[in-house]
Structure formats: structure tokens, C-alpha cells
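Heads up: the structure comes next, in C-alpha cells.
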Amino acid sequence: MGTSRWHNTITVASTTDDVARVVKGLPCIKSCLRLYKSPDSLVVLPPEKVGKLSPIDSTTSSEYGDGFRQINLINGTGLHAAGFKGKGMLIAIIDAGFRNADKIGALNANIKSTADFAPRRASSIFTEHYHGTMVLSVMAANKRNVFIGTAPEADYALIRSEDTDTETRAEEDSWTTAVEFADSIGADLINSSLGYTHWDGDSIGPHLRDLNGHTAYISQTASMLAPKGIVLCNSAGNEGSSTWHKINVPADADDILTIGAIDFRKKSTTFSSIGPSQDGRVKPDVCGPGKSVYVIDASGMTTTNSGTSFASPIVCGMTACLWQALPELNAKQIISVVRQSADRWQWPDNIYGYGVPDYAKALSIGKKMVNENRK
Numbered sequence: 001m002g003t004s005r006w007h008n009t010i011t012v013a014s015t016t017d018d019v020a021r022v023v024k025g026l027p028c029i030k031s032c033l034r035l036y037k038s039p040d041s042l043v044v045l046p047p048e049k050v051g052k053l054s055p056i057d058s059t060t061s062s063e064y065g066d067g068f069r070q071i072n073l074i075n076g077t078g079l080h081a082a083g084f085k086g087k088g089m090l091i092a093i094i095d096a097g098f099r100n101a102d103k104i105g106a107l108n109a110n111i112k113s114t115a116d117f118a119p120r121r122a123s124s125i126f127t128e129h130y131h132g133t134m135v136l137s138v139m140a141a142n143k144r145n146v147f148i149g150t151a152p153e154a155d156y157a158l159i160r161s162e163d164t165d166t167e168t169r170a171e172e173d174s175w176t177t178a179v180e181f182a183d184s185i186g187a188d189l190i191n192s193s194l195g196y197t198h199w200d201g202d203s204i205g206p207h208l209r210d211l212n213g214h215t216a217y218i219s220q221t222a223s224m225l226a227p228k229g230i231v232l233c234n235s236a237g238n239e240g241s242s243t244w245h246k247i248n249v250p251a252d253a254d255d256i257l258t259i260g261a262i263d264f265r266k267k268s269t270t271f272s273s274i275g276p277s278q279d280g281r282v283k284p285d286v287c288g289p290g291k292s293v294y295v296i297d298a299s300g301m302t303t304t305n306s307g308t309s310f311a312s313p314i315v316c317g318m319t320a321c322l323w324q325a326l327p328e329l330n331a332k333q334i335i336s337v338v339r340q341s342a343d344r345w346q347w348p349d350n351i352y353g354y355g356v357p358d359y360a361k362a363l364s365i366g367k368k369m370v371n372e373n374r375k
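Okay, structure coming up:
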């Protein structure tokens, strides 16, 4: 089903229940773990029918259309005005599906690559769940006076790792395979509006004590990204009002941007998951607009939706523009600049993290860092 060179692992599916015994007998195998057992945790459902796309027309007099408020909240219009709209940056989106993203004219996204690593493979990522389409839209949409996203000139790789019908540990492996694929094609940033707090069936789920960035398999993978030159933006999760309450995995990882959600008054939403990590690191790292933000859905229409799922790509897109403007900085430095630009940098907490980033300020901080590096 997939392999990981970074972890030296392989994921195998079998129709017989003795596969673990057989595999354990091989001299090259150190250990073996069952990720799920069918049929209770892997049910293949018939594909959902896709309706006719709805037309989209000009909605506002602003150049940004419905995308203005969410970009303006993090002060990103200045970067765009200076010519930094993500051109030359490759953003990989790891999600559950991208229904109709190849047909919606308002998206006008520069899609350079697609892949599917989910436990249940799909005939096409463009007929699967619409969540990834909405995530893509807040970054890639590029229709003047209708909707412009935070990185309209970036290139995109659309990768499916999540099967929405189930929640199994195999998705940790699928996500890892997706990340390694993104690295292999030269992705600069990854947006992952995915996270896990439990597993189906009798699999042992993550524990709160495990939120240290290095216990969960998926978090181990995420913590490898910045040293390899990739900025990961991951949604903090929508568990703020649940009994779990805390961030998910891999949002607990080291050296990533974990994104919480705020409303347009810069107040934290009740659903946004909180930190800190179990080893005391600030989480979330920063917050972005995630309540009643504008997205483009699978019908091709603009609508509003809420969740850290959308706060993360809004921040990710602007971070791509920032890195375009500051190509001399590495992934860890870009992450640091975004944190330092946030409005709670001096007094972070477990709800807002370092606060709401200001991308005009981030550009100024980044230029100073570049000059210091040159000395």
C-alpha cells in the first residue's frame, strides 16, 4: 500500500489474517503492527454523484472580491502589491479529495501534480470529497473582483491521503507517503488541514500524553520536514469545545506552523483546539481567520465555512508569498519570522499561540534577518 524511506517502513494489506506471523518471520523485519482490521474499519462506499457546476460571477467591486477580508486580516495585500503572489513556489495540499477542482473556472489554479495514497484508492481525486477543493480555493483562487486567494500565482500539488469513510492508523502511513512524495517533487510548503485524535475499531488511539511531537508516527514525520527544507502548515483541529480539547496529531510536531482559528474581530473561536504541547512548547503557533471565511465549494460557488481547516491554508498561502520575497531564508527561519510577526509574540498563550501574523511586519523582520546573514 505504501512505503516510507524516512522511517524504513512498509504498509501492507492482506486478505488473510496470518500476514503478521508471516511477515515477522522475515529476517529484514524488526517489528510489525496491525493498523486496522476489515470490514469494521474499512468500508468502500459507492462514489457520490457530482452535480452540474454552478456559474460564478462578479460579486464585489474589490479586486480581491470575497477574498479581501481574510487576506487583509493578516495584512497580506502589501506583499501582493509588491509583486509577491507565490510565483515559483510549489505548495502541496494533503487532503481528503478535490472534487471538481479541475473544472471550476474561478479557481484557475496552477495544478502541477496529483497523487492518491489513501488506504482506499479513488478512481480520481477530483471525484472524491470536496474538503480539499475549499482548502485549495482560499490559496489558489484567481478571478479578479470575484475571489483572489492568498497565493494565486503559486504552483500546486494535490495529494489525497485521507479516506473520510474511516479513521484508521493506516492514514498516518498514507500521510507520511504523501509527504515524502511532496518532498520528491520539490514542494516548498505543505498545507495539511488534517489531524487525528482517535481511531476506529479496537485500535489504540493517540493519548494526550503523546502530544510531544515525537510519539505519534505522523508527528515524527511532520517534525522531519523543516530540516529537509519544507514549511508545514497544519490545522490545530476543531476540538476546542470537545472533551479532547487539545491540538491533534501531527499539529504537535516540532518546527511547523500549527494554525488556530480566529474570527474577524481577532477573537479565538470556541472550536479551535488549544495547546500547549505536552512537552511545554507553544501551540498553536499562530492563528488565522477561520470563522465564516469565504471559500469556493465543489459546485463552483462562493460560500462561507468555518474551521481551522481554512485558517491553515490562508496562512500557508501568505507564507509562500513571504518566502518568495525572502528566498535566502530557510524553512526554519521562515517559520520563525511568521511567529515573530504575530501580535502576541512577546506573551504567547495556549489559545492564540504567538497570535495573528502580520505579513507586512514579517517581510520587514525577514529582510533584517537576511541582512544579518550576509554580514
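In this note's numbering, the protein residues as written are 1 to 375.
The beta carbon of each residue, even a glycine, is placed where N, CA and C say it ideally should be.
Using DSSP with H/G/I as helix, E/B as strand and the rest coil, what is Cys-28? Residue state for Cys-28 is assigned as coil, using DSSP reduced to three classes.
Given Lys-291, which residues of its chain have a CB within under 8 Å of its CB, disregarding the five upstream and five downstream residues? These residues qualify, in order along the chain: Ala-261, Ile-262, Asp-263, Phe-264, Thr-269, Ser-306.
Can you give, in chain order, each stretch of the beta strand (DSSP E) that sits fully within the region 188-214 and has at least 3 residues? The region 188-214 is shown to contain whole beta strand (DSSP E) runs of 3 or more residues at 189-192, in chain order.
Helix, strand or coil for Gly-366 per DSSP? In the three-state reduction of the DSSP assignment, Gly-366 falls in the helix class, which pools H, G and I.
Local conformation of Pro-289 per DSSP, three classes: Three-state DSSP puts Pro-289 in a strand.
Using a 10 Å radius around the Cβ and a threshold of 16 neighbouring Cβ atoms, would you call Cys-321 buried or exposed? By the neighbour-count criterion, in which a residue is buried when 16 or more other Cβ atoms sit within 10 angstroms of its Cβ, Cys-321 is buried.
Is it buried or exposed for Gly-86, if we count other Cβ within 10 angstroms and need 16 for buried? Gly-86 is buried by the Cβ-count criterion.
Contacting residues, own chain, Cβ-Cβ under 6 Å from Ala-253 (five flanking each side not counted): When the five nearest sequence neighbours on each side are left out, the beta carbons in the same chain lying within less than 6 Å of the beta carbon of Ala-253 are those of Gly-213, Ser-219, Ala-222, Ser-223, in order along the chain.
Own chain partners of Pro-348 with C-beta closer than 6 Å, once the 5 adjacent residues on each side are dropped: So the list reads Val-282, Tyr-354, once near-sequence residues are dropped.
Buried versus exposed call for Ala-298 [16 or more other C-beta atoms within 10 Å across all chains shown]: Buried.
Can you check whether the CB of Ser-62 is closer than 8 Å to the CB of Lys-191? Inspection of the sequence shows that residue 191 is occupied by Asn rather than by Lys. For Asn-191 and Ser-62, no; Cβs fall outside 8 Å.
Below 8 Å on the Cβ atoms is my guess for Phe-310 versus Val-138; work out the distance and round it to an integer in Å. Correct: roughly 6 Å between the Cβ atoms.
Closest Cβ-Cβ distance between Ala-20 and chain B: below 8 Å? Within the model displayed, chain B is absent; a lone protein chain is all it includes.
Check the C-beta distance from Leu-79 over to Leu-363 and give it rounded, since I have them as a contact under 8 Å. Sure, about 6 Å apart at Cβ, within 8 Å.
Please tell me whether Ser-235 and Ala-251 are closer than 8 Å, where the distance is taken between their beta carbons. Taking 8 Å as the Cβ cut-off, Ser-235 and Ala-251 qualify as a contacting pair.
Roughly how many angstroms separate the alpha carbons of Lys-143 and Ala-325, rounded to a whole number? Here the alpha carbons of Ala-325 and Lys-143 stand approximately 23 Å from one another.
Residues in the same chain with beta-carbon distance under 8 Å from Trp-6, minus the five sequence neighbours each way, listed in chain order, please. Cβ neighbours of Trp-6 beyond the five flanking positions: Thr-176, Glu-180, Thr-221, Met-224.
I need the straight-line Cα distance from Leu-329 to Leu-232, nearest angstrom please. Taken atom to atom, the span from the alpha-carbon of Leu-329 to that of Leu-232 is near 15 Å.
Rounded C-alpha distance that separates Pro-27 from Asn-8: Rounded to the nearest angstrom, the two C-alpha atoms are 14 Å apart.
Between Ser-123, Gly-288, Asp-200, Met-89, which lies nearest to Ile-111 when the distance is taken from Cα to Cα? Minimum Cα distance to Ile-111 is reached at Met-89.
Taking the Cβ atom as the reference point for each residue, do Cys-287 and Val-356 lie within a distance shorter than 8 Å? Note that the C-beta distance between Cys-287 and Val-356 is below 8 Å.
Rank Lys-30, Gly-195, Ala-154 by C-alpha distance to the C-alpha of Ile-94 and give the top, closest one. With distances taken between Cα atoms, Ile-94 lies closest to Gly-195.
Based on DSSP bridge pairs, tell me the residues matched to Asp-116. Paired residue(s): Arg-160.
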